[in-house]
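Asks:
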Amino acid sequence: MPEKTIFKKIIDKEIPAKILYEDDLCIAFPDIAPQAPVHILIIPKEEIISLAHAEEKHKELLGHLLLVTRKLAEEHGVKDGFRTVMNSGAKAGQSVFHLHIHLLGDREMKWPPG
Ligand code: AMP
Numbered sequence: 001m002p003e004k005t006i007f008k009k010i011i012d013k014e015i016p017a018k019i020l021y022e023d024d025l026c027i028a029f030p031d032i033a034p035q036a037p038v039h040i041l042i043i044p045k046e047e048i049i050s051l052a053h054a055e056e057k058h059k060e061l062l063g064h065l066l067l068v069t070r071k072l073a074e075e076h077g078v079k080d081g082f083r084t085v086m087n088s089g090a091k092a093g094q095s096v097f098h099l100h101i102h103l104l105g106d107r108e109m110k111w112p113p114g
């Protein structure tokens, strides 16, 4: 069996995280190394390596993740200005190979991103 990712261990409740949202399809918790005052990770329970590995069958799941992200942005008071990031592949800075959305907010953001 391949080694579980850290996010799969959080989903399986093998390592702790402060769960901010959970349903049948996804889970959300604060990033352990926050890059903004609000920095939440939204991840599907299904193990998909990255957006580059998503398929047609994931269409509804991906839409669901975005709507949960929107809801969390509202709940955390950043609905008027937040950034979502999905790093796909090591070259793009992905370090945990389980698809996730970063929700970042409550600070000024620059463009282009680094
Ligand atoms: P990425 O670099 O896009 O793959 O994002 C992975 C994110 O997971 C990083 O921002 C890490 O800080 C975060 N992270 C790693 N381990 C944990 C953990 N145990 N709990 C919460 N966030 C984590």
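The sequence shown begins at 1 in this note's numbering and counts up one residue at a time.
For every residue, glycine included, the Cβ atom is placed at its ideal position computed from N, Cα and C.
All values derive from a computational prediction rather than experimental measurement.
1) Rounded to a whole number of angstroms, what is the C-alpha to C-alpha distance between His102 and Gly93?
2) Rounding to the nearest angstrom, what Cα-Cα distance links Ile6 and Cys26 in this structure?
3) On the three-state DSSP scale, how would you describe Phe7?
4) Pop quiz: Glu46 and Leu61 are said to be a contact at Cβ under 8 Å. What is the actual Cβ separation, rounded to whole angstroms?
5) Just to confirm the assignment, what range does the beta strand (DSSP E) spanning Ala28 have?
6) Using only the alpha-carbon positions, how far apart do Glu14 and Ile49 sit?
Replies: For this structure:
1) In a straight line, the C-alpha of His102 is about 12 Å away from that of Gly93.
2) Using only the alpha carbons, I get a separation of about 15 Å.
3) Here Phe7 sits in helix by DSSP.
4) At roughly 7 Å, the Cβ-Cβ gap stays under 8 Å, so Glu46 and Leu61 are in contact.
5) Its beta strand (DSSP E) spans residues Cys26 to Pro30.
6) Taking the straight line from one Cα to the other gives about 20 Å.
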